[in-house]
Amino acid sequence: MFSLKRKWVIIQAYKHNEELHREWSHSYVLEDNDDYFVAASIRASVVESDGRKWHTKEPAIFILLKKKWFNVIAMLKEDGVSYYVNIASPSLYDKGFIKYIDYDLDIKLYGDGTVRLLDVSEYRKHAEEQGYPENIKEILEKSVDSVYKLIQEKKYPFIDDEIKKYYDQFLKETSSVDR
């Protein structure tokens, strides 16, 4: 069976209307199983849909779920791990890219435990403009509830020690590789 483990990929987020929204360069796949991809990056180059380019400030671990409607970017900051959750379609691999559809709603879990739901107005605007089907909206709302429950119960992927282990694995496996 084909596995992405130990391969470098590009991660792409699309919008419901199939337009490319954002792209992260050079992410290293640490795990590829039936349920998710785990990828890591340091100072990834990010290109926005409007052409703006920037680099991530801190190391990041991506948990890209294949069967659930969200993904997680865990950022390793000096004061701890913070989590950025994209409410999104399940992720898939296609010709060198890990792809998903970003449905605007985001949840941020800060290192101090504060949780915030973000971009609700953007979600409502795009749901109207792009005609999100009712069944998709229901799935997205259930995903928000599911993420809150996982955070509250401190279940995977919201476990700082697991994220740090992935980062250590990334450093070990790529120590002799140009990024």
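In this note's numbering, the protein residues as written are 2 to 180.
Ideal Cβ placement from N, Cα and C applies to all residues, glycine included.
- Secondary structure note for I137: it is in no beta strand (DSSP E), and the uninterrupted alpha helix (DSSP H) holding it is E135 to Q153.
- Within the stretch 106–132, complete beta strand (DSSP E) segments of at least 3 residues are found at 116–119, given in chain order.
- By the neighbour-count criterion, in which a residue is buried when 16 or more other Cβ atoms sit within 10 angstroms of its Cβ, N87 is buried.
- Ranked by how close their Cα comes to the Cα of Y168, the residues I74, L118 and S144 have I74 in first place.
- As for any beta strand (DSSP E) of minimum length 3 sitting wholly inside the stretch 13–61, the runs are 21–33, 37–42, 46–49 and 54–56, ordered along the chain.
- Assigned with DSSP and collapsed to three states, D169 falls in helix.
- For A40, the CB contacts under 8 angstroms within the same chain, skipping 5 residues up- and downstream, are V10, I12, S28, Y29, V30, L31, I62, F63, L65 and I99 in chain order.
- A straight line joining the alpha-carbon of Y85 with that of I102 spans about 16 angstroms.
- Checking the DSSP bridge columns, you'll see W9 partnered with Y29.
- Inclusion of L93 and D107 in the CB contact set at 8 angstroms is not warranted, their separation being larger than that value.
- Between the beta-carbon of W25 and that of S42 there is about 6 angstroms, and that keeps the pair under the 8 angstroms contact cut.
- Within the same chain, and ignoring the five residues on either side of G112 in sequence, the residues whose Cβ sits closer than 6 angstroms to its Cβ are D80, G81 and S83.
- It is roughly 12 angstroms from the alpha-carbon of E142 to the alpha-carbon of Y133.
- Only buried fits D33, as 16 or more other CB atoms lie within 10 angstroms of its CB.
- Nearest to N72 by C-alpha distance, out of S176, K165 and D36, is D36.
- Taking the Cα of R44 as reference, the smallest distance to any Cα among L77, E163, K8 and E19 is reached at L77.
- Going by DSSP, I74 is part of the beta strand (DSSP E) stretching over F71 to K78.
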